[in-house]
Amino acid sequence: MSSGKRPEWAPQDCDGKGFASLVVDGVEGGHDGMPGGASKPAAPPVVRRKNLRVQDFVQGVLAQDRTVLGRAITLVESNVPAHMERAQRMLKELIPHTGNSVRVGITGVPGAGKSTFIEALGSLLCDQGHKVAVLAVDPSSSLTRGSILGDKTRMQNLSRNKNAFIRPSPSSGVLGGVTRKSRETMLVCEAAGFDVILVETVGVGQSETEVRSMVDFFLLVLIAGAGDELQGMKKGIMELADAILINKADGDNKQRAETARSEFERIIHYLLPATEGWTTQALTASSLTGDRIPDVWRTVEKFKANTMASGVFQRRRNAQTVRWVHSMVDDYLRTAFYGNPTVKAMIPGIESDVVEGSLSPTQAVQKLVQEYENHCKANP
Numbered sequence: 563m564s565s566g567k568r569p570e571w572a573p574q575d576c577d578g579k580g581f582a583s584l585v586v587d588g589v590e591g592g593h594d595g596m597p598g599g600a601s602k603p604a605a606p607p608v609v610r611r612k613n614l615r616v617q618d619f620v621q622g623v624l625a626q627d628r629t630v631l632g633r634a635i636t637l638v639e640s641n642v643p644a645h646m647e648r649a650q651r652m653l654k655e656l657i658p659h660t661g662n663s664v665r666v667g668i669t670g671v672p673g674a675g676k677s678t679f680i681e682a683l684g685s686l687l688c689d690q691g692h693k694v695a696v697l698a699v700d701p702s703s704s705l706t707r708g709s710i711l712g713d714k715t716r717m718q719n720l721s722r723n724k725n726a727f728i729r730p731s732p733s734s735g736v737l738g739g740v741t742r743k744s745r746e747t748m749l750v751c752e753a754a755g756f757d758v759i760l761v762e763t764v765g766v767g768q769s770e771t772e773v774r775s776m777v778d779f780f781l782l783v784l785i786a787g788a789g790d791e792l793q794g795m796k797k798g799i800m801e802l803a804d805a806i807l808i809n810k811a812d813g814d815n816k817q818r819a820e821t822a823r824s825e826f827e828r829i830i831h832y833l834l835p836a837t838e839g840w841t842t843q844a845l846t847a848s849s850l851t852g853d854r855i856p857d858v859w860r861t862v863e864k865f866k867a868n869t870m871a872s873g874v875f876q877r878r879r880n881a882q883t884v885r886w887v888h889s890m891v892d893d894y895l896r897t898a899f900y901g902n903p904t905v906k907a908m909i910p911g912i913e914s915d916v917v918e919g920s921l922s923p924t925q926a927v928q929k930l931v932q933e934y935e936n937h938c939k940a941n942p
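If you count by the working numbering, then the sequence shown holds residues 563 to 942, one letter each, in order.
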């Protein structure tokens, strides 16, 4: 109901007639007055994260601020041109603080227990006072480009350790399962004070040479009793390994693991060493019980001491940096080529001609490249 009353203000010589205010009763039962509705509290205001400047990123990473570290890696992984430019300015400031870690690549047949091994090794190193960064690359769907990114789930104990940092990243279909930005991510982690970088990769195969090109020590994790399904993998990947670990050497499987280790030791003698002056080692361990996990790390330490004394360690790092430059040039040219508007417009027709047989693949390539070069000349 509404009621009229004298307003709070009216002329002094007026008796109030002709002046009134109308008061309307408030609604009940909800914001729209509908019966039975419950009044809902206002939503809390959205708190936006502070936009960080390049210097904020640099200072946060050097101060080992984990929140800033995560955001810095996200910046590095971004393909947005503005983000890429900021990331490079950040890296320029961080590079003088990098290079003080040992980088270990870990790969192996699916089901070999790589994540469990990394958790066991990482926990051991953290207990010894090391700071461990795990870059775990998950396979991406070829259809959706999505990834499960479940490594933090598989490494629950390590993820809670204050001296560990786990960063799962999607492979995005990159050959070898190593993300294009993994090298830069390693540098950011090193600048944040992590002295051990563990890079877990997706699967195995000849494409894992990309892993070899970015780490100091390369570990191949296998299991006993896999049989013939490993034969196709051995030929390429074993030639890259600095150590071969037969995992799951516990319980009834312990003797089989020792037998497999002896077999791999014999095979190693017929292979060229992956690293000059170093003989590839064959080891056994149990990630479940922790048995002989310390032996694996002692092997890495011995490798580092030997290669640093001989100069191989630094020469490999230098060669990797040069290869990194060429790899980035390849990425740039590929992006520029397929992002060229003329090429993008031609590709559907070219593909159709190749499928129909009116144009050979070689002719298709020549035609695309020629049009790309003509476009670049006309638009310098």
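For every residue, glycine included, the Cβ atom is placed at its ideal position computed from N, Cα and C.
Practice task
Would you be able to state if there are at least three C-beta pairs under 8 Å between the segment 811-824 and the segment 840-853?
Solution key: Contact holds: three or more Cβ-Cβ distances are below 8 Å.
Handout entry: 8 Å Cβ cutoff met for Cys688 and Asn641
Key = Taking the first residue of the sequence shown as 1, we reach residue 688 at position 126. Taking the first residue of the sequence shown as 1, we reach residue 641 at position 79. Their beta carbons are not under 8 Å apart, which means Cys688 does not touch Asn641 by this criterion.
Problem - C-alpha gap between Lys743 and Ser721, whole angstroms - result: Taking the first residue of the sequence shown as position 1, residue 743 is located at position 181. Taking the first residue of the sequence shown as position 1, residue 721 is located at position 159. If I take the Cα positions, the gap works out to 22 Å.
Problem - Exposure label - Val938; buried when at least 16 CB within 10 Å - result: Indexing the sequence shown from 1 puts residue 938 at position 376. A quick correction: the sequence has Cys, not Val, at residue 938. Here Cys938 is exposed: its Cβ has fewer than 16 other Cβ atoms, across all protein chains shown, within 10 Å.
Practice task
Report back the beta-carbon spacing between Asp812 and Asp778 to the nearest angstrom; my notes put them in contact at under 8 Å.
Solution key: Numbered from 1 along the sequence shown, position 250 holds the residue referred to as residue 812. Numbered from 1 along the sequence shown, position 216 holds the residue referred to as residue 778. Distance from Asp812 to Asp778 at the Cβ level is roughly 29 Å; contact not present, criterion being Cβ atoms closer than 8 Å.
Practice task
Tell me whether Val931 is buried or exposed, calling it buried when 16 or more other Cβ atoms sit within 10 Å of its Cβ.
Solution key: Reading the sequence shown from its first residue, position 369 is the one you call residue 931. It is exposed - the Cβ of Val931 has fewer than 16 other Cβ atoms within 10 Å.
Handout entry: Residue from Val761, Met776, Gly755 whose Cα sits closest to the Cα of Leu656
Key = Residue mapping note: residue 656 aligns to position 94 of the sequence shown, counting from 1. Considering only alpha carbons, the answer is Gly755.
Handout entry: Where the beta strand (DSSP E) through Pro897 begins and ends
Key = Counting from 1 along the sequence shown, the entry for residue 897 is found at position 335. One point to set straight first is that residue 897 is Thr, not Pro, in the sequence displayed. Note, Thr897: premise wrong, no beta strand (DSSP E); alpha helix (DSSP H) at 874-901.
Handout entry: Pro835 to Met800 span [Cα, whole Å]
Key = Your numbering for residue 835 matches position 273 in the sequence shown. Your numbering for residue 800 matches position 238 in the sequence shown. Going by the C-alpha atoms only, they are around 10 Å apart.
Problem - Gly661 versus Val905, Asp893, Val758, residue with shortest Cα-Cα distance - result: Counting from one through the sequence shown, the residue named residue 661 turns up at place 99. Closest option to Gly661, Cα to Cα, is Val758.
Exercise for the section: Could you have a look at Leu683 and say whether DSSP puts it in helix, strand or coil? Expected result: Within the sequence shown, the letter at position 121 stands for residue 683. Helix.
Problem - Three-state class that DSSP yields for Ala674 in the structure shown - result: Within the sequence shown, residue 674 is the residue found at index 112, counting from 1. If DSSP states are grouped into helix, strand and coil, Ala674 belongs with coil.
Exercise for the section: Determine, using beta carbons only, whether Val750 and Val927 come nearer to each other than 8 Å. Expected result: Within the sequence shown, numbered from 1, the residue matching residue 750 stands at position 188. Within the sequence shown, numbered from 1, the residue matching residue 927 stands at position 365. Not closer than 8 Å, so no.
Practice task
Compare the Cα-Cα distances from Ile830 to each of Val862, Leu782, Leu686 and report the closest residue.
Solution key: For the purposes of this step, residue 830 is taken as residue 268 along the sequence shown, with counting starting at 1. Closest option to Ile830, Cα to Cα, is Leu782.
Practice task
Output the distance between the C-alpha atoms of Asn902 and Thr837, rounded to the nearest integer angstrom.
Solution key: On the sequence shown, residue 902 is found 340 positions in, with the first residue counted as 1. On the sequence shown, residue 837 is found 275 positions in, with the first residue counted as 1. Cα to Cα, the separation comes out at about 41 Å.
Practice task
Could you check if Pro911 is buried or exposed, using at least 16 other CB atoms within 10 Å of its CB as the buried criterion?
Solution key: Against the sequence shown, residue 911 aligns to sequence position 349. Reading off the sequence, residue 911 comes out as Gly, not Pro. Label assigned to Gly911: exposed.
Practice task
Let me know the secondary structure DSSP gives Lys929 once reduced to three states.
Solution key: On the sequence shown, position 367 is the one that residue 929 refers to. DSSP, read as helix, strand or coil, puts Lys929 in helix.
Problem - Residues that DSSP places opposite Ala698 in a beta bridge - result: Here residue 698 refers to the residue found at position 136 when the sequence shown is read from its first residue. In DSSP, Ala698 forms a bridge with Pro730, Glu762.
Practice task
Could you work out which residue in Phe727, Phe780, Asp618, Val884 is closest to Arg665 when comparing CA atoms only?
Solution key: For the purposes of this step, residue 665 is taken as the residue at position 103 of the sequence shown. It is Phe780 whose Cα lies nearest to the Cα of Arg665.
Handout entry: Continuous alpha helix (DSSP H) stretch holding Thr629: start and end
Key = Position 67 of the sequence shown, counting from 1, holds the residue named residue 629. For Thr629, the enclosing alpha helix (DSSP H) stretches over residues 628-639.
Handout entry: For Ala682 and Ile855, believed in contact at Cβ under 8 Å, the rounded distance
Key = To locate residue 855, count along the sequence shown from 1; it is residue 293. To locate residue 682, count along the sequence shown from 1; it is residue 120. Under the criterion of beta carbons closer than 8 Å, Ile855 and Ala682 qualify as touching, at roughly 5 Å.
Practice task
Indicate whether Leu760 and Val862 have their beta-carbon atoms separated by less than 8 Å.
Solution key: Here residue 760 refers to the residue found at position 198 when the sequence shown is read from its first residue. Here residue 862 refers to the residue found at position 300 when the sequence shown is read from its first residue. For Leu760 and Val862, no; Cβs fall outside 8 Å.
Problem - Per-residue DSSP class, three states only, for Phe780 - result: To locate residue 780, count along the sequence shown from 1; it is residue 218. Strand, per DSSP.
Practice task
Rounded to whole angstroms, what's the CA-CA distance from Gly691 to Arg648? Just pull it up for me.
Solution key: Taking the first residue of the sequence shown as 1, we reach residue 691 at position 129. Taking the first residue of the sequence shown as 1, we reach residue 648 at position 86. Using only the alpha carbons, I get a separation of about 33 Å.
Exercise for the section: Output the boundary residues of the alpha helix (DSSP H) element that contains Ile829. Expected result: Translated into positions along the sequence shown, residue 829 becomes position 267. DSSP places Ile829 inside the alpha helix (DSSP H), whose first and last residues are 816-830.
Exercise for the section: Check each candidate in Glu762, Thr763, Glu820 and name the one with the smallest Cα separation from Ala786. Expected result: For the purposes of this step, residue 786 is taken as residue 224 along the sequence shown, with counting starting at 1. Ranking the options by Cα distance to Ala786, first place goes to Glu820.
Handout entry: Leu760 Cβ short of 7 Å to the ligand HEM heavy atom set
Key = Of the ligands one can find in the structure shown there are none, so the ligand HEM has no counterpart to examine.
Practice task
My understanding is that Ile808 touches Leu833, with C-beta atoms under 8 Å, so please give their C-beta distance in whole angstroms.
Solution key: Start at 1 with the first residue of the sequence shown, and residue 808 comes out as number 246. Start at 1 with the first residue of the sequence shown, and residue 833 comes out as number 271. About 17 Å; that fails the 8 Å criterion.
Practice task
Report the residue from Lys654, Gly798, Arg729, Thr883 whose alpha carbon sits nearest the alpha carbon of Arg633.
Solution key: Position 71 of the sequence shown holds residue 633. It is Arg729.
Problem - Neighbourhood of Gln843 by C-beta, 6 Å cutoff - its chain only, sequence neighbours within 5 removed - result: As a working mapping, residue 843 is identified with position 281 in the sequence shown. Residues Ala805, Thr861 of the same chain have their beta carbon placed closer than 6 Å to that of Gln843, with the five preceding and five following residues left out of the count.
Exercise for the section: Thinking Met652 and Phe619 are a contact (beta carbons under 8 Å), I'd like their distance in whole angstroms, please. Expected result: As a working mapping, residue 652 is identified with position 90 in the sequence shown. As a working mapping, residue 619 is identified with position 57 in the sequence shown. With a beta-carbon spacing of about 5 Å, Met652 and Phe619 fall inside the 8 Å limit used to define contacts.
Practice task
Name the residue from Lys810, Glu825, Ser677, Glu746 whose alpha carbon lies nearest to the alpha carbon of Val887.
Solution key: Counting from one through the sequence shown, the residue named residue 887 turns up at place 325. For the residues Lys810, Glu825, Ser677, Glu746, the minimum Cα distance to Val887 belongs to Glu746.
Practice task
Starting from Asn809, follow the beta strand (DSSP E) in both directions and report where the run begins and ends.
Solution key: As a working note, residue 809 is residue 247 in the sequence shown. Membership of Asn809 in the beta strand (DSSP E) is indicated by the continuous run 805-809.
Problem - As assigned by DSSP and simplified to three states, the class of Gly667 - result: Residue 667 sits at position 105 when you count from the first residue of the sequence shown. Strand at Gly667.
Exercise for the section: Return yes when the Cβ of Glu752 is within less than 8 Å of the Cβ of Ser685, no when it is not. Expected result: Residue 685 sits at position 123 when you count from the first residue of the sequence shown. Residue 752 sits at position 190 when you count from the first residue of the sequence shown. Not in contact: Ser685 and Glu752 (Cβ atoms no closer than 8 Å).
Practice task
Mind checking which residues open and close the beta strand (DSSP E) that includes Ala844?
Solution key: Counted from its first residue, the sequence shown places residue 844 at position 282. Run containing Ala844: 843-846, per the beta strand (DSSP E) assignment.
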